[in-house]
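Numbering (the working numbering), first residue to last: 168 to 375.
This is the structure we're talking about:
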């Protein structure tokens with residue numbers, strides 16, 4: 168008569184939402200780098216634009232009077248980050264956000280690649296907190312910058328100032344970070360572990 172042996176197997180699966188979260192983190196980092204590397208956070212149509220680290224004057228400016236210390240027509244230079252505290256705060260917060268998002272990408276990737284459930288749970292929790300820190304830093308920077316600029320608007324030449332596309336890209340990065348964090352929070356870790364019962368039959372013979 169065959170002998171039956173019952174065993175319980177633990178099966179760990181990769182949830183698709185965690186993969187989507189990793190993709191959102193990568194998109195958040197790329198769009199944040201794009202936003203920081205361009206000089207299109209502020210613009211006065213027809214003659215001047217400024218980013219966080221660089222400002223430029225159009226080749227053929229519409230106005231003859233430029234902001235004090237502005238570069239020559241068609242030239243670029245370091246932005247007002249040296250003299251404007253809110254430029255410095257915005258830059259520091261966004262660089263911090265970029266650093267923690269990069270760390271979150273590495274930790275999420277480690278969680279997806281490990282087969283140890285305990286380590287995977289820990290990695291996901293760390294990635295969630297890192298994404299949350301990055302999101303808060305981005306939100307503060309993106310709110311503080313236009314408010315501070317508005318309060319000193321009379322110090323800038325030109326009548327029509329607008330937030331340019333790089334600022335919008337910064338918000339796009341913040342949205343990606345939000346979705347990454349939300350997916351890490353919403354996707355329950357316990358759903359990644361399944362228990363499978365397995366019965367093995369073996370033939371045994373009595374030897375006389």
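Cβ coordinates follow ideal geometry from the N, Cα and C atoms, glycine included.
Best match in the options for proximity to residue i [C-alpha to C-alpha]
i: residue 276; options: 310, 295 and 263; result: 295
i: residue 207; options: 197, 198 and 222; result: 222
i: residue 210; options: 348, 338, 335 and 330; result: 330
i: residue 333; options: 216, 278 and 255; result: 216
i: residue 307; options: 290, 261 and 272; result: 261
i: residue 292; options: 237, 343, 327 and 278; result: 278
Under 8 Å between C-beta atoms of residue i and residue j
i: residue 184; j: residue 350; result: yes
i: residue 340; j: residue 202; result: yes
i: residue 346; j: residue 243; result: no
i: residue 265; j: residue 200; result: yes
i: residue 257; j: residue 219; result: yes
Helix, strand or coil at residue i according to DSSP, with G and I counted as helix
i: residue 346; result: helix
i: residue 242; result: coil
i: residue 327; result: coil
i: residue 224; result: strand
i: residue 251; result: coil
i: residue 206; result: coil
Buried/exposed call for residue i, threshold 16 Cβ in 10 Å
i: residue 250; result: exposed
i: residue 336; result: buried
i: residue 318; result: exposed
i: residue 272; result: buried
i: residue 186; result: exposed
i: residue 198; result: buried
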